[in-house]
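Student: Before we start, here is the structure in question, set down as structure tokens.
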Amino acid sequence: MDSALAAAATPEAGPGPAWQSKCPWGAPNATSRSCSLADVMSEQLAKELQLEEENAAFPEVVAVAEGPFITGENVDTSSDLMLAQMLQMEFDREYDAQLRREEKKINGDSKVSISFENYRKVHPYDSDSSEDEVDWQDTRHDPYRADKPTTTPRRGFIGKGKDITTKHDEVVCGRKNTARMENFAPEFQVGDGIGMDLKLSNQVFNALKQHAYSEERRSARLHEKKEHSTAEKAVDPKTRLLLYKMVNAGMLETITGCISTGKESVVFHAYGGKSATEDKVIPPECAIKVFKTTLNEFKNRDKYIKDDYRFKDRFSKLNPRKIIRMWAEKEMHNLTRMQNAGIPCPQVVILKKHILVMSFIGKDQIPAPKLKDVTLSSEDMKKAYYQTLNMMQQLYKECNLVHADLSEYNMLWHDGKVWLIDVSQSVEPTHPHGLEFLFRDCRNVAQFFQKGGVAEALNERELFNAVSGLNITADNEVDFQAEIEALEKMNEDHVQNHGKKLSTFSSDGDPPIYDE
Ligand code: ADP
Ligand code: MN
Numbered sequence: 001m002d003s004a005l006a007a008a009a010t011p012e013a014g015p016g017p018a019w020q021s022k023c024p025w026g027a028p029n030a031t032s033r034s035c036s037l038a039d040v041m042s043e044q045l046a047k048e049l050q051l052e053e054e055n056a057a058f059p060e061v062v063a064v065a066e067g068p069f070i071t072g073e074n075v076d077t078s079s080d081l082m083l084a085q086m087l088q089m090e091f092d093r094e095y096d097a098q099l100r101r102e103e104k105k106i107n108g109d110s111k112v113s114i115s116f117e118n119y120r121k122v123h124p125y126d127s128d129s130s131e132d133e134v135d136w137q138d139t140r141h142d143p144y145r146a147d148k149p150t151t152t153p154r155r156g157f158i159g160k161g162k163d164i165t166t167k168h169d170e171v172v173c174g175r176k177n178t179a180r181m182e183n184f185a186p187e188f189q190v191g192d193g194i195g196m197d198l199k200l201s202n203q204v205f206n207a208l209k210q211h212a213y214s215e216e217r218r219s220a221r222l223h224e225k226k227e228h229s230t231a232e233k234a235v236d237p238k239t240r241l242l243l244y245k246m247v248n249a250g251m252l253e254t255i256t257g258c259i260s261t262g263k264e265s266v267v268f269h270a271y272g273g274k275s276a277t278e279d280k281v282i283p284p285e286c287a288i289k290v291f292k293t294t295l296n297e298f299k300n301r302d303k304y305i306k307d308d309y310r311f312k313d314r315f316s317k318l319n320p321r322k323i324i325r326m327w328a329e330k331e332m333h334n335l336t337r338m339q340n341a342g343i344p345c346p347q348v349v350i351l352k353k354h355i356l357v358m359s360f361i362g363k364d365q366i367p368a369p370k371l372k373d374v375t376l377s378s379e380d381m382k383k384a385y386y387q388t389l390n391m392m393q394q395l396y397k398e399c400n401l402v403h404a405d406l407s408e409y410n411m412l413w414h415d416g417k418v419w420l421i422d423v424s425q426s427v428e429p430t431h432p433h434g435l436e437f438l439f440r441d442c443r444n445v446a447q448f449f450q451k452g453g454v455a456e457a458l459n460e461r462e463l464f465n466a467v468s469g470l471n472i473t474a475d476n477e478v479d480f481q482a483e484i485e486a487l488e489k490m491n492e493d494h495v496q497n498h499g500k501k502l503s504t505f506s507s508d509g510d511p512p513i514y515d516e
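Just so we're aligned: 290 in full-length UniProt numbering is position 290 of the sequence shown, and the numbers increase by one with no gaps anywhere.
If you want it as structure tokens, here you go:
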């Protein structure tokens, strides 16, 4: 296709127009395959061109957001901003509606269809309501729809005798070309030629198109760069809106900036505001964990949630957007359980969709260091070890949870003690892989404290038994792991046969604590 285009664009098209200093078609790309004029003019090719244009007309536009440093000080400004964002969201929705119509038009009754899904601005899991479904195709005037170019029927001509007009007719073709300019990327300024009776020759049209493509690619590259530099801090408009709402409601005083960007979440620091209800006190400093609404990173986490019976019924029926909210919800529930057991961890302030607000571990905007980043005296290291052992036991026995991502990366050192964070992936011990997760946690913890010089630190197998209350005797890792898996399997079989979990490895057999 490209070579056909390149061939169609004439090298000697004259000096470039004013809007472009360098002639875009001066040096055509490698014209490896030449094609005849008849080819270029053929209906088939025209169709393909049309298709390609239409596809190219909707480049992927990613909403780039600068890190939202949201303050409540200037309420007017932030309201304006919010208004602007609402408008933007409205625009995005309309853009998508238009895209949907284009898609429909192109696909028609064809068995093979083309999807524009990737070009949508509002993704299904970002959208919040069925408003997206509003299709204003039915409204009388659709400002986005270009007047249809006159089409030439299949046989290639219209009219009779000497009034016959073929698709090669200069006027018809010119008008058609002008109308097709509409299909260039939206950023591409085509002027108001569309409104006039402007007739573009094929030559000029093709040259323009070629230019539009290269411009688009260039801008895509620029865009990509920009995207990479801010992507980490970027939150989508919906999220920003939710954050603004929290500030505007006075719940948060200021969102000062980003503390951390991970694969699955972005964490912001905020100063707490006033609660709407008397009984709830908002901590002076908060951490806002925004679960990323891009799915990819979450796919590999399916195994944590899919088999968690608490979420089992819901998992299969949920759309991706809801699954992400479920992660946030899971973190909230798990934190609440931990809080109830007195384990040092962030306190939940509020959960709004995929945004979890909790108390900030740290002071004056400076987050507490992770255990991996802090140098502790041997005394503190020992203290941290015993505390960690204790917390793991509490987590298992009192909260009926296995952290499942426990390591020096998810333990903060603050106020002379260890705080546990990042519990969205935590599962109950009877999760089909719960004991394996626990063993992995134990390995991380044992290694960290052993390396840290804590002579008393149990090895991973001893730690596992100490936490779980199980008594696995295997003296090497392979056998130990095999026994763990056998236990898990036994439990699963029991579930299959009796519909409920064995309590064998919940040492005291307590029912799970529900805070729902
Ligand atoms: P991730 O899934 O991205 O690892 P975490 O919950 O571990 O998410 O948060 C990432 C980082 O953000 C943490 O390592 C920590 O530095 C910081 N952080 C998260 N929650 C808090 C909090 N409540 N207080 C202070 N810092 C926090
Ligand atoms: Mn983490």
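Positions of the beta carbon are idealized from the N, C-alpha and C atoms, including for glycine.
1) In this structure, does DSSP put H403 in helix, strand or coil?
2) Taking the continuous alpha helix (DSSP H) assigned at C442, which residues delimit it?
3) Check each candidate in A482, V267, E170 and name the one with the smallest Cα separation from H354.
4) Please identify the residue among G272, E278, T293, A276 whose C-alpha is closest to the C-alpha of E285.
5) Which residues mark the beginning and the end of the beta strand (DSSP E) in which K417 is found?
6) For S378, name the three-state secondary structure that DSSP assigns.
7) Which residue comes first and which comes last in the beta strand (DSSP E) that contains Y271?
8) When every heavy atom of the ligand ADP is checked, does at least one fall within less than 8 Å of the C-beta of P429?
9) Given a threshold of 16 other Cβ atoms within 10 Å of its Cβ, counted over all protein chains shown, does A455 qualify as buried or as exposed?
10) Going by the C-beta, is Y409 closer than 8 Å to any heavy atom of the ligand MN?
11) Taking contact to mean 3 or more Cβ pairs, one atom from each stretch, closer than 8 Å, check whether the stretch 397-416 and the stretch 442-457 are in contact.
12) Just verifying my parser: in three-state terms, what is the DSSP assignment at residue 517?
13) Using a Cβ distance threshold of 8 Å, determine whether the stretch 359-372 contacts the stretch 427-437, with at least three qualifying pairs required.
14) Which value, in whole angstroms, describes the spacing of the CA atoms of E488 and W327?
15) Among all the DSSP beta bridges, which residues are the ones paired with G362?
16) Along the chain, where does the beta strand (DSSP E) containing L412 start, and where does it finish?
17) Looking at the structure shown, is I288 part of a helix, part of a strand, or coil, going by DSSP?
18) Do you know whose CA, among L376, R337, T293, lies nearest T239's CA?
19) Helix, strand or coil, according to DSSP, for T256 in the structure here?
20) Within 10 angstroms of the Cβ of M338, are there 16 or more other Cβ atoms? Answer buried if so, exposed if not.
21) Give the C-beta separation of V402 and L438 to the nearest angstrom, bearing in mind that I take them to be a contact with Cβ-Cβ under 8 Å.
22) For L458, I'd like the list of residues in its chain whose CB is within less than 7 Å of its CB, leaving aside the five on either flank, ordered along the chain.
23) Is any non-hydrogen atom of the ligand MN found closer than 8 Å to the C-beta of D405, if you look at the structure I gave you?
24) Taking only three categories from DSSP, how would you classify K500?
Tutor: Checking against the coordinates, here is how it stands:
1) Of the three classes helix, strand and coil, the one that applies to H403 here is coil, per DSSP.
2) Per DSSP, the unbroken alpha helix (DSSP H) holding C442 starts and ends at 434-451.
3) Nearest of A482, V267, E170 to H354, Cα basis: V267.
4) Closest option to E285, Cα to Cα, is G272.
5) Counting along the chain, K417 sits inside the beta strand (DSSP E) bounded by residues 417-420.
6) The answer is helix: DSSP assigns S378 an H, G or I state.
7) Looking at the DSSP string, the run of the beta strand (DSSP E) that includes Y271 is 265-272.
8) Every heavy atom of the ligand ADP is 8 Å or more from the Cβ of P429, so no.
9) Exposed is the call here.
10) Yes, the beta carbon of Y409 sits closer than 8 Å to at least one heavy atom of the ligand MN.
11) Yes, since at least three Cβ pairs between the stretch 397-416 and the stretch 442-457 fall closer than 8 Å, the two stretches touch.
12) Nothing can be reported for residue 517, as the shown portion of the chain is limited to 1 through 516.
13) Cβ pair count under 8 Å is below three, so no.
14) The alpha-carbon atoms of E488 and W327 are separated by roughly 24 Å.
15) DSSP, once it has assigned bridges, lists P367 as partnering G362.
16) Run containing L412: 411-414, per the beta strand (DSSP E) assignment.
17) Three-state result, I288: strand.
18) Nearest of L376, R337, T293 to T239, Cα basis: T293.
19) Reduced to three states, the DSSP call for T256 is strand.
20) M338 is buried by the Cβ-count criterion.
21) Their Cβ separation, rounded to whole angstroms, is 4 Å, which keeps V402 and L438 in contact under 8 Å.
22) So the list reads A446, A466, once near-sequence residues are dropped.
23) Checking the Cβ of D405 against the ligand MN gives yes.
24) Under the three-state reduction of DSSP output, K500 falls in the coil class, being neither helix nor strand.
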